[in-house]
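In what follows, a single structure is set out as structure tokens and then discussed.
Number of protein chains: 4
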Amino acid sequence: MRVGFVGLGQMGKPMALNLIKGGHQLRVFDLSTNAVSALVDAGAAPASSPADCARDVEAVITMLPNGSIVRKALLGDDGGLTSLPKGAWVIDMSTIHPFESDAIAEEIERKGFPFVDAPVGRTSDHAVRGELLILAGADQATVARLAPLFDCMGSETIVTGARGRGIRVKIVNNFMSIALNALSAEAAVLCEAIDLPLEEALKVMMGTPAGKGHFTTTWPGRVLKGDLSPTFMIELAHKDLGIALDLANQVTVPMPLGAAAREVYSAARAAGRGRQDWSAILEHVRTVAARTDTK
Amino acid sequence: MRVGFVGLGQMGKPMALNLIKGGHQLRVFDLSTNAVSALVDAGAAPASSPADCARDVEAVITMLPNGSIVRKALLGDDGGLTSLPKGAWVIDMSTIHPFESDAIAEEIERKGFPFVDAPVGRTSDHAVRGELLILAGADQATVARLAPLFDCMGSETIVTGARGRGIRVKIVNNFMSIALNALSAEAAVLCEAIDLPLEEALKVMMGTPAGKGHFTTTWPGRVLKGDLSPTFMIELAHKDLGIALDLANQVTVPMPLGAAAREVYSAARAAGRGRQDWSAILEHVRTVAARTDTK
Amino acid sequence: MRVGFVGLGQMGKPMALNLIKGGHQLRVFDLSTNAVSALVDAGAAPASSPADCARDVEAVITMLPNGSIVRKALLGDDGGLTSLPKGAWVIDMSTIHPFESDAIAEEIERKGFPFVDAPVGRTSDHAVRGELLILAGADQATVARLAPLFDCMGSETIVTGARGRGIRVKIVNNFMSIALNALSAEAAVLCEAIDLPLEEALKVMMGTPAGKGHFTTTWPGRVLKGDLSPTFMIELAHKDLGIALDLANQVTVPMPLGAAAREVYSAARAAGRGRQDWSAILEHVRTVAARTDTK
Amino acid sequence: MRVGFVGLGQMGKPMALNLIKGGHQLRVFDLSTNAVSALVDAGAAPASSPADCARDVEAVITMLPNGSIVRKALLGDDGGLTSLPKGAWVIDMSTIHPFESDAIAEEIERKGFPFVDAPVGRTSDHAVRGELLILAGADQATVARLAPLFDCMGSETIVTGARGRGIRVKIVNNFMSIALNALSAEAAVLCEAIDLPLEEALKVMMGTPAGKGHFTTTWPGRVLKGDLSPTFMIELAHKDLGIALDLANQVTVPMPLGAAAREVYSAARAAGRGRQDWSAILEHVRTVAARTDTK
């Protein structure tokens with residue numbers, strides 16, 4: 001395919017290179033002339049602007065740092081949409097705010113172009129090897145048509161089913177993994193501070209929800225099917241968190257996430273959930289977040 | 001074996017029943033006469049006090065709500081240690097503060113008795129089925145000698161290697177799983193609030209550290225071997241958390257753990273770790289918790 | 001003076017009315033024609049756009065919900081700057097992100113116009129009565145020239161001394177008062193949950209830093225002059241927070257701010273500040289926030 | 001009066017000295033013989049145990065680090081109550097957990113002795129000068145009878161009206177002032193990070209609830225009389241917190257309390273309070289903490 005590629009950073013550059021290797025004809029744009037040169041050496045045509053980059057292509061791909069830059073590259077005075085041929089695809093692979101993505105997508109669709117949000121997972125190493133995870137905000141048919149592109153850049157494409165879901169699942173997934181990283185560090189440093197070898201603790205935790213998570217262990221049999229009868233009661237979980245926090249404070253391991261969690265369980269107890277299953281924390285958070293508009 | 005069992009609550013009762021089923025001779029004590037009756041019906045001898053319970057046994061087991069109750073049951077005026085035969089084991093299976101466990105253990109050891117902390121994992125259903133996870137604060141030889149007891153109550157015994165480590169790993173494991181539960185709820189409710197089907201998100205997350213955790217994915221190849229070179233930089237992780245938090249605040253999904261996490265990453269950036277791998281958060285928390293005693 | 005006023009919301013409308021009452025000639029613009037009508041009834045001239053509004057005036061004032069709207073109103077295709085007479089003032093009284101304010105200001109200054117950020121404090125009631133607090137990002141001479149306007153809208157103008165400081169102090173002040181409100185609620189609800197009459201507690205707290213704050217009590221004699229010798233040690237403060245948190249968790253009063261504070265003190269202890277004065281928390285936070293760029 | 005004084009630490013020692021200066025006859029006990037010697041030099045009689053210390057006195061005062069030490073000193077085998085003359089007062093001036101204080105008090109009262117919790121406010125400097133704030137958990141008549149003691153140690157005695165309220169108000173007051181200290185540091189460091197001179201910001205904040213607190217400013221006219229009509233809406237406060245947090249994260253000033261506060265406002269918005277007055281945060285926290293026992 002003929003592809004315009006805007007944004008040749010740490011991720012964009014290897015992605016574009018893999019498209020060239022895959023046999024696609026690329027026209028590339030980036031503010032950094034060095035980045036452009038590297039791609040030109042590999043066979044790409046240089047573009048002088050996003051508009052120039054989108055001329056005569058079948059798809060334009062953006063891989064940029066934030067929503068306002070994506071907006072400018074596509075919808076600005078000199079943006080891709082000013083020259084993009086009718087029927088060509090707009091594929092934004094950047095990680096941006098989902099509502100900004102929605103707004104950009106709607107504007108592009110109003111101009112008559114099909115838009116797909118397709119942010120990527122994994123690391124720059126994966127980008128180099130063409131083994132990214134692609135989270136396509138599109139249905140099966142659309143993904144099938146774009147597979148020649150996606151398959152050059154990634155080794156797995158998730159079909160989320162609808163426009164906007166790619167960027168949504170990206171943000172939720174990153175939120176969870178990034179925050180979990182900080183929580184894991186609190187647990188690990190607590191281990192070290194109480195002279196418990198980390199490997200010993202990891203060995204145990206890998207066999208429990210501590211290491212395996214709750215999505216496929218404690219939740220499916222209980223809260224996800226509406227059963228809140230206790231296997232482990234919220235009030236006991238709350239008690240154990242209190243012990244862990246007191247311990248951590250004695251050995252001066254600050255645990256801000258752990259401390260926040262204790263207060264969530266405390267609120268769940270106040271809300272009458274003390275004797276419900278601990279998976280009912282999901283139900284509790286749902287209640288807290290549920291918009292009530294008359295008070 | 002002849003066993004004294006103190007504490008016949010939701011967990012203690014099925015554990016004691018399984019010891020009887022396993023052929024052990026039990027003398028039992030609990031403040032609730034109903035609980036005692038149930039065990040007596042199953043063949044146990046009733047005791048009038050912890051002291052009475054520990055008379056003539058080879059091991060006394062406690063399964064009680066907190067450290068001061070354990071202390072009283074073992075070391076009080078009418079406690080088990082007043083009558084326990086020389087050489088008999090003291091096994092505390094309760095979940096209590098590790099430092100309280102240490103203090104009780106040391107006092108008991110000073111009186112010449114061997115002490116093992118052996119708290120249990122899993123749920124009351126597992127207790128009924130004799131399928132608990134037993135976290136033995138003991139070495140291999142000790143666990144081998146107590147296996148006839150442990151194997152009646154649990155289906156798996158972790159040998160942590162030293163006294164005090166059973167209760168330590170219990171508290172760390174519970175901390176991690178309980179706090180992770182609250183964090184998972186934040187991610188799940190965010191999904192729902194932005195019209196992203198939870199199953200769709202879970203499908204993706206089960207293939208990433210969001211669902212698989214960091215202990216066996218991102219940490220071993222990087223921070224655990226001292227390599228902080230980036231596959232995904234802390235400053236990008238920080239940026240993504242900011243997007244998720246802004247999104248969550250727009251759709252009024254309160255995320256106290258997520259908000260705390262963002263500030264941890266912010267502190268890591270301030271500490272000069274912005275361009276390190278995200279697994280370096282472990283190193284950051286280690287630094288924050290490291291005692292410096294001269295300032 | 002001849003003034004263009006853009007943004008006639010809950011605050012902007014009474015502010016504009018007070019300018020008219022003060023004898024100024026107003027041209028006004030708002031997307032709501034109702035809001036415009038109200039001002040026209042009071043003597044203002046209606047404008048069809050921000051550009052129209054800024055025609056022929058000595059100063060244009062914006063009072064708008066966020067930075068991108070302010071940017072559009074001033075610097076957009078149809079923005080005030082397209083028609084503003086040379087030498088006229090641009091005064092943004094909105095509460096927006098300080099860095100957005102800076103960027104807008106710089107662009108405006110590059111076009112040759114003087115810019116003042118002058119956000120307001122207090123409430124809509126004060127706006128009606130012309131008793132706002134005006135936080136002028138300007139020097140004394142500039143404020144003197146704009147006093148005829150400011151004095152119609154407010155009863156007090158703070159001269160912060162330089163462009164950008166008005167909006168900065170607004171954000172810091174609002175941050176502090178808004179977060180303090182939530183912290184105060186935690187303390188008050190804890191009172192109620194432990195049967196301590198709130199008035200009784202308030203009576204005590206109004207005589208201590210709990211009610212009077214630290215800025216003028218504990219800080220000036222210690223941390224603000226570099227003296228960290230203890231009047232009340234951080235490790236005792238940390239201990240007391242622990243008691244309060246345990247108490248609150250027992251009576252299920254969730255205290256997320258309190259819990260976060262305990263971890264801050266824990267980190268300060270880890271950093272070797274346990275025996276420093278509690279005002280040294282300022283020094284601790286400074287250290288945590290200090291950018292270190294080599295790690 | 002003849003007084004037994006147990007606990008001669010940083011606070012207890014100057015308090016005991018001031019009692020001697022005030023003409024009282026002291027018998028003193030502490031584990032540190034140095035501390036005892038200092039008091040003996042000043043005219044006190046040394047005691048060999050708490051029991052010895054309480055012999056023949058009209059009041060026994062405890063000033064000790066935590067509840068279990070207070071319990072042991074008063075109710076232990078060698079505790080003060082074993083020798084205390086009938087009718088003598090027990091006055092605990094320590095800062096301990098209120099529920100531990102209650103339990104100790106009840107046990108003492110069951111033995112027929114009057115108990116007063118009278119923890120102190122202010123610093124060790126104030127203790128030296130006899131200028132402590134005494135928070136007496138007692139009614140007016142009791143305080144009048146004990147005034148000869150209190151007036152030697154403190155310059156102000158708050159009569160809270162009932163046993164248990166002294167220690168309660170102490171804990172609430174300390175919670176509020178200690179957490180507020182950490183919050184104030186976040187605001188101050190944010191100032192410094194955005195090049196806003198701290199004095200400039202303090203000048204402004206001392207005139208607003210940021211510096212004056214909410215107890216006597218925004219609350220009395222609104223939430224404390226049940227009026228939630230807005231002077232400043234929760235949703236605007238939430239928006240401003242978001243700006244402050246984004247700003248702080250950009251300049252890497254970690255603000256864990258601020259971040260927690262933003263989520264509280266988010267929850268309040270979800271609960272339908274977005275258009276209520278910001279003082280309604282008190283009402284929101286009340287609702288979250290209100291025990292609901294059927295779910």
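Chains as they are written, first to last, in UniProt numbering: chain A, 1 to 295; chain B, 1 to 295; chain C, 1 to 295; chain D, 1 to 295. We treat Cβ as the ideally placed atom computed from N, Cα and C, and that holds for glycine.
Excluding its 5 nearest sequence neighbours in each direction, B/Glu58 has C-beta neighbours in its own chain below 6 Å: Met1, Arg2, Ala88, listed in chain order. If you look at D/Gln140, you'll find it in the alpha helix (DSSP H) that goes 140–153. Membership of A/Thr62 in any alpha helix (DSSP H) is not indicated; the residue belongs instead to the beta strand (DSSP E) covering 59–62. Excluding the 5 residues flanking it on each side, B/Gln140 has same chain C-beta neighbours closer than 6 Å at Val159, in chain order. Within chain B, no C-beta atom comes less than 7 Å from the C-beta of D/Thr82; the nearest is roughly 17 Å away. DSSP, read as helix, strand or coil, puts D/Asp246 in helix.
Residue contact with chain D for A/Thr292: present (Cβ-Cβ distance below 7 Å to some residue of chain D). Annotated as proximal: D/Ala185 and C/Leu282, with beta-carbon spacing under 7 Å. Against A/Ser68, chain B offers no close residue; the least beta-carbon distance is about 13 Å (beta-carbon pairs closer than 8 Å). Taking a C-beta distance under 7 Å as the contact criterion, A/Leu135 and A/Pro119 qualify as a contact pair. Here B/Val143 has Ala136, Phe150, Thr157, Val159 as same chain residues with Cβ atoms under 8 Å from its own Cβ, once five neighbours each way along the sequence are excluded. In the DSSP assignment, B/Ile167 forms no beta bridge with any residue.
Neighbourhood of B/Val288 in chain C, by CB distance below 7 Å: Ala267, Ala270, in chain order.
Sequence-distant partners of C/Gly242 (beyond 5 residues in either direction) whose C-beta falls short of 8 Å from its own C-beta, in its chain, are Arg262. Our two residues, C/Ala260 and D/Leu228, have alpha carbons roughly 28 Å apart in a direct line. Inter-residue distance for C/His24 and C/Met15 is about 12 Å (C-alpha atoms, whole angstroms).
Taking 7 Å as the CB threshold, C/Gly242 lines the interface with chain A.
The C-beta of D/Ser94 comes no closer than 7 Å to any C-beta of chain C. One thing to note: D/Pro209 has its Cβ no nearer than 7 Å to the Cβ of B/Ser266. Using a C-beta cut-off of 8 Å, the region 188–203 of chain B makes no contact with the region 178–192 of chain A, since fewer than three inter-stretch Cβ pairs fall below that distance.
Burial of A/Asp92 is indicated by the presence of at least 16 other C-beta atoms within 10 angstroms of its C-beta. For A/Ser155, the CB contacts under 6 Å within the same chain, skipping 5 residues up- and downstream, are Glu131 in chain order.
In the structure shown, the three-state DSSP call for C/Arg27 is strand.
In the three-state reduction of the DSSP assignment, C/Phe232 falls in the coil class. The criterion of a C-beta distance shorter than 7 Å is satisfied by D/Ala54 and D/Gly80.
In terms of CA proximity to C/Gly112, C/Thr82 leads the group C/Thr82, C/Asn181, C/Ala47, C/Ala289. Here the alpha carbon of C/Val251 sits roughly 37 Å from the alpha carbon of D/Arg129. With contacts defined as CB atoms closer than 7 Å, A/Thr292 and D/Gly272 qualify as a contacting pair. Counting the other Cβ atoms within 10 Å of the Cβ of A/Met206 gives fewer than 16, which makes it exposed. As computed with DSSP, B/Arg2 is found in a beta bridge with B/Gln25. Across the set B/Leu64, B/Asp56, B/Asp41, B/Val285, the C-alpha of B/Leu64 shows the shortest separation from the C-alpha of B/Leu8. A direct Cα-to-Cα measurement between B/Asp41 and B/Ala127 gives close to 19 Å. Not one beta carbon of chain A lies nearer than 7 Å to the beta carbon of D/Pro197.
For A/Pro114, the CB contacts under 6 Å within the same chain, skipping 5 residues up- and downstream, are Trp89 in chain order. B/Leu84 carries a coil assignment under DSSP once its states are collapsed to helix, strand and coil.
By the criterion of a C-beta distance shorter than 6 Å, A/Gly43 is surrounded in its chain by Ile20, once the five residues flanking it on both sides are discounted.
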